[in-house]
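Working notes, beginning with the structure itself.
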C-alpha cells in the first residue's frame with residue numbers, strides 16, 4: 001500500500017507565481033524512487049536518493065474547468081538528460097487527460113441536472129464526486145507514477161504496448177518491433193529521447209557490432225540471429241530496408257562490412273563519419289543505430305581498478321540484463337536462500353540474442369548447441385575451465401596459472417594499465433560471463449556442473465572477452481574464498497552478497 005508520507009506536494013508562492021505567469025499554477029509531485037535497485041537505477045540513469053518530480057502546469061483561474069494540465073517529469077540533477085522522464089511524461093499526461101475528461105463530464109452533468117425534478121439530490125452527489133476527484137487526482141497521479149516506474153521497460157516507449165520477447169522484458173527501455181513504432185522512432189524521432197539517452201560507450205558499441213557480426217557469420221544464423229534488424233529505408237520512409245518478415249542476411253552483412261571502425265569513429269566528427277558511411281552504403285549507419293538501440297542490457301566497460309585481475313583480459317564489462325521485476329524476485333529469493341557466483345560459457349555468436357532476449361533455458365529447443373545430460377536448465381560452473389569449454393575456447397587456448405604467475409599477476413596488471421587496448425583487435429573472439437545464482441534447493445549440482453531450471457534465479461554480473469593470443473586461466477574456482485572476496489570487492493555495493 002502506498003504511503004503518502006513518502007511524497008510531498010509543492011505549491012509555489014505568490015511571488016514565484018507572479019514571476020512565472022500570473023495565470024499559471026505549478027504543482028510539483030515528488031515521487032520517491034529509492035525502491036529501485038542500485039543497478040537498475042544505474043542503467044536508467046536515475047538518482048535513487050533524489051525524488052522524481054512530476055510538475056503539473058495548471059490554470060490558476062480555471063483550475064477545475066481549464067485545459068488539461070501539461071506535464072514535466074525530471075530529476076533536478078539530471079534534468080537535461082533524464083530519458084526515463086520522457087517515457088513517464090507521456091503516460092502521466094494520458095492518465096491526467098482521462099481524469100480531467102471524467103471531471104469535465106461531471107460538470108456537464110451538473111449543468112443538465114438543474115433542469116430535472118431531483119436536481120438538488122443530483123447536484124449534491126455530483127458536488128461530492130467533484131470534491132473527491134479534486135483531492136484524489138494528485139494522489140492518484142503519484143500512485144500511478146509509482147506503479148509505472150518499475151515496469152517501464154516492459155512496454156514499448158512509442159505505443160505503450162507490452163514487448164513480445166521470448167523470455168519476457170529486459171532491463172533497458174526500448175522500441176518494440178511493430179512496424180508502425182519502428183517507422184515512428186526511426187523516421188520521426190518519436191520518443192527517441194526515452195530510448196537513446198542512456199549513453200553507450202564506444203568500447204561497448206565495438207563489442208555489440210562484433211557480436212552482431214559473429215551471429216551473422218554463424219552457420220546457425222537462421223536460429224540465433226534474433227532479433228533480426230528492423231531498419232527504415234533512408235530513401236523511402238514508407239519501407240523497411242531490413243524487415244524481419246523478409247530476411248536477407250547477405251544484405252545485412254554487406255551493410256555491416258561497410259561500417260567505419262568504431263576506433264575511427266572516435267577520432268573524427270561524427271557527422272563527417274556518417275557522411276562517409278552513407279556514401280559507401282546508405283544502410284550502414286541506420287544498421288549501427290539499430291545495433292545500439294536494440295540492445296536491452298546495461299553494459300559498461302570496467303576501468304582497470306574494478307577489473308577482476310585473475311580473468312587475464314583487458315576486455316571486462318559490467319553486464320546487467322534483469323528487469324526490475326526479475327531483479328526483485330531474485331533479491332527476495334536471495335534473502336531466503338543466499339547466493340554465490342558461477343561462470344556461464346556460450347559462443348560469442350549467441351550473445352547478440354542473449355543481450356536482447358536474456359539467458360533462456362535452451363535445453364530441448366532449437367537453440368540447444370550442447371547436450372542436456374543433466375536435465376533442462378541454464379548450465380553454470382564454478383570452474384572457469386568448464387565454462388571456457390562451452391564458450392568454444394579449446395584447451396590449447398586455456399591457461400593454467402603457476403604459483404609464480406599468480407604471485408606476479410598484480411605486478412603485471414599494473415604494468416599493463418597504460419597500454420591496455422581499448423578496442424577489439426580481432427574477429428576471433430571467445431567470451432564468458434560471471435553470474436550470480438541463488439543457492440536454493442532448485443539448484444542442481446552435478447559435481448562442477450550446475451543446472452538452474454528457474455531463469456529468475458540467475459543474473460549476469462560480468463562479461464569477459466578474449467581475442468587471438470589471449471588465454472583464460474583454467475584454475476579459477478569461484479568457491480575459493482579469495483576469489484569470492486575479489487568478486488565482491490569489484491561489485492561493491494551494487495549486488496553485494498550477504
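Numbering (this note's numbering), first residue to last: 1 to 498.
The beta-carbon is built from N, C-alpha and C at its ideal position, and this holds for glycine as well.
Computed from a predicted model, the values in this text were never measured in an experiment.
Contact under 8 angstroms by Cβ, residue i with residue j
i           : j           : result
residue 230 : residue 216 : no
residue 359 : residue 297 : no
residue 465 : residue 434 : no
residue 205 : residue 301 : no
residue 287 : residue 256 : yes
residue 379 : residue 476 : no
residue 149 : residue 88  : yes
residue 144 : residue 92  : yes
residue 162 : residue 235 : no
residue 52  : residue 68  : no
residue 483 : residue 310 : yes
residue 299 : residue 271 : no
residue 47  : residue 78  : yes
residue 346 : residue 391 : yes
residue 141 : residue 280 : no
Beta-ladder partner(s) of residue i, from DSSP
i           : result
residue 477 : 383
residue 162 : 155
residue 233 : 236
residue 433 : 344, 463
residue 243 : 246
residue 316 : 464
residue 450 : 380, 445
residue 74  : 53
residue 58  : 25
residue 224 : Its beta-bridge partners do not exist; DSSP assigns none.
residue 339 : 438
residue 458 : 437
Top-ranked residue by Cα proximity to residue i, from the options
i           : options            : result
residue 340 : 58, 457, 261       : 457
residue 452 : 376, 382, 486, 52  : 376
residue 500 : 237, 225, 44       : This structure does not reach residue 500, given that the chain is present from 1 up to 498, and the question cannot be answered.
residue 181 : 96, 237, 219       : 237
residue 227 : 235, 175, 263      : 175
residue 431 : 467, 71, 44        : 467
residue 528 : 82, 270, 314       : Outside the shown range of the chain (1 to 498) lies residue 528, about which nothing can therefore be said.
residue 218 : 245, 243, 253      : 253
residue 153 : 427, 323, 74       : 323
residue 330 : 37, 55, 48, 488    : 37
residue 158 : 173, 265, 35, 459  : 173
residue 146 : 328, 33, 244, 55   : 33
residue 463 : 312, 444, 439, 373 : 312
residue 59  : 35, 47, 24         : 24
residue 334 : 443, 262, 373, 56  : 443
residue 328 : 214, 459, 142, 56  : 459
residue 221 : 436, 56, 350, 441  : 350
residue 259 : 289, 243, 269      : 289
Nearest-angstrom Cα separation, counted from residue j out to residue i
i           : j           : result
residue 491 : residue 317 : 11 angstroms
residue 273 : residue 285 : 9 angstroms
residue 446 : residue 343 : 15 angstroms
residue 326 : residue 160 : 20 angstroms
residue 348 : residue 293 : 20 angstroms
residue 381 : residue 223 : 25 angstroms
residue 352 : residue 232 : 21 angstroms
residue 99  : residue 85  : 21 angstroms
residue 76  : residue 246 : 46 angstroms
residue 486 : residue 278 : 46 angstroms
residue 291 : residue 212 : 8 angstroms
residue 479 : residue 425 : 33 angstroms
residue 155 : residue 90  : 12 angstroms
residue 9   : residue 45  : Only weak support exists for where residue 9 lies, its pLDDT of 44 falling under 50; the value from the coordinates is given anyway. Spanning the two alpha carbons is a distance of roughly 24 angstroms.
residue 201 : residue 306 : 17 angstroms
residue 71  : residue 210 : 41 angstroms
residue 28  : residue 50  : 14 angstroms
residue 389 : residue 383 : 11 angstroms
residue 101 : residue 30  : 24 angstroms
residue 308 : residue 439 : 23 angstroms
residue 488 : residue 461 : 11 angstroms
residue 332 : residue 303 : 30 angstroms
residue 481 : residue 393 : 26 angstroms
residue 265 : residue 315 : 19 angstroms
residue 197 : residue 295 : Confidence in residue 197 is poor, its pLDDT being 39 and thus under 50, which makes the residue's placement too unreliable to answer from.
residue 373 : residue 151 : 37 angstroms
residue 357 : residue 276 : 32 angstroms
Unbroken stretches of the alpha helix (DSSP H), 4 residues or longer, contained in the region 28-54: Correct list: 38-44.
- prompt: Taking only runs of the beta strand (DSSP E) that begin and end inside the region 277-330, which ones reach a length of at least 3 residues, in chain order?
  reply: With a minimum length of 3 residues, the continuous beta strand (DSSP E) runs that stay inside the region 277-330 are 298-301, 315-320.
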